[in-house]
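Worksheet: one structure, shown below.
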Amino acid sequence: MPTPPDMTTHPDTALLDALQHQVAVFARRAEQSRLGGVGQARNSMDRAAYLLLNRLDQEGPMGVKALACGMGIDSSTVTRQVAPLVDSGLVSRATHPEDGRAVVLELSERGRTRLEEVRASRRALMALVTEGWSEDDRDAFCTLLTRFNTSLATLTASLTPAGPAS
195 MPTPPDMTTH PDTALLDALQ HQVAVFARRA EQSRLGGVGQ ARNSMDRAAY
245 LLLNRLDQEG PMGVKALACG MGIDSSTVTR QVAPLVDSGL VSRATHPEDG
295 RAVVLELSER GRTRLEEVRA SRRALMALVT EGWSEDDRDA FCTLLTRFNT
345 SLATLTASLT PAGPAS
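Reading the sequence shown from the start, the letters are residues 195 to 360 in this note's numbering.
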């Protein structure tokens, strides 16, 4: 298992300290607001549900294992998180088109409509938070945040001995 380098002697210690502090503040503020959006849809969908619905919308119907793998979490976690989405009619279970014994999860029409409501609310929040930013600043922030999240996911996966964690 790889170990992180010793950052106490890194030449950019002050910058890394500032970065870790800003990430911690961001995490706290994101949790406080749940980055849920504005208007009626504000905080109306938890992070796990949003991410599951979004992945099904972006990638289409898939089995629990594929969904778990793509999200970097355990199958049991996906099963637990998707159950209320099925119960509420946002996700439906269907027979796999190539293997009639297998089941796939798919976004229902109700789920698609609800996801778009939440997305619109969250877009409005992002517009408010970045009001006054140039398009280039928004683009650069999104690019760097995506890069940061990708690096963090890669590091987390490499440090997890038994595969994805929940």
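By construction, the Cβ of each residue, glycine as well, lies at the ideal position given by its N, Cα and C atoms. Nothing here was measured: the structure is a model prediction, and the numbers come from that model.
Buried versus exposed call for residue i [16 or more other C-beta atoms within 10 Å across all chains shown]
i, result
"Leu309", "buried"
"Val312", "buried"
"Gly326", "exposed"
"Leu349", "exposed"
"Ser315", "buried"
"Leu322", "exposed"
"Gly283", "exposed"
Pair within 7 Å by beta-carbon distance, residue i and residue j
i, j, result
"Glu300", "Ala288", "yes"
"Ala243", "Leu279", "yes"
"Gly257", "Val285", "no"
"Lys259", "Ser270", "no"
Beta-carbon contacts of residue i that lie in its chain and below 7 Å, excluding the five residues immediately before and after
i, result
"Glu292", "none"
"Ala296", "Gly257 and His290"
"Asn343", "none"
Nonlocal neighbours in the same chain, by C-beta distance under 8 Å from residue i, ignoring five residues either side
i, result
"Leu246", "Leu261, Met265, Val272, Gln275, Val276, Leu279 and Val285"
"Ala347", "Gly266"
Strand pairing of residue i, partner residues [DSSP]
i, result
"Thr354", "Thr354 is not bridged to any residue."
"Ala288", "Val298"
"Met256", "Leu299"
Residues near residue i by beta carbon distance below 6 Å, same chain, minus five either side
i, result
"Glu253", "none"
"Pro255", "Val298 and Glu300"
Expected contact under 8 Å - CB spacing of residue i and residue j to nearest Å
i, j, result
"Arg306", "Asp251", "7 Å"
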